[in-house]
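So in the working numbering, spot 46 of the sequence shown is number 1195, and the numbers just go up one at a time. Each residue gets a CB set at the ideal place from its N, CA and C atoms; glycine is no exception.
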Amino acid sequence: RVNNEDVADVSPVGLLPKKGSINLDGLNVDWDKLISIPKDYWASDIDETLKWLDEQLGDDLPQDIRKEIQKQKDRLSQP
């Protein structure tokens, strides 16, 4: 990205490295498993994060942050 190279794919949780953009020589890594996005896990994590923020900040949580969290949750619910 620094050199305007196309090395990332857009995902519901942000940018993920494209296959082949990271040197994994000598490592026994399943690329697809490495960058998988288990939607149930992420949805649960988002709910827990929002619950914690509500407990800690309540109405002081900026609406922009709440909106971004909701947008991420919406992205995860898409096929």
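Between residue 1195 and residue 1165, the C-beta spacing is not below 7 Å. Scanning 1200, 1186, 1226 and 1205 for the CA closest to the CA of residue 1158 turns up 1186. Judged by their CB atoms, residue 1161 and residue 1215 are not nearer to each other than the 7 Å cut-off. About 10 Å separates the beta carbon of residue 1156 from that of residue 1168, a gap too long to meet the 8 Å contact definition. Residue pairing by DSSP places residue 1163 opposite 1160 in a beta bridge.
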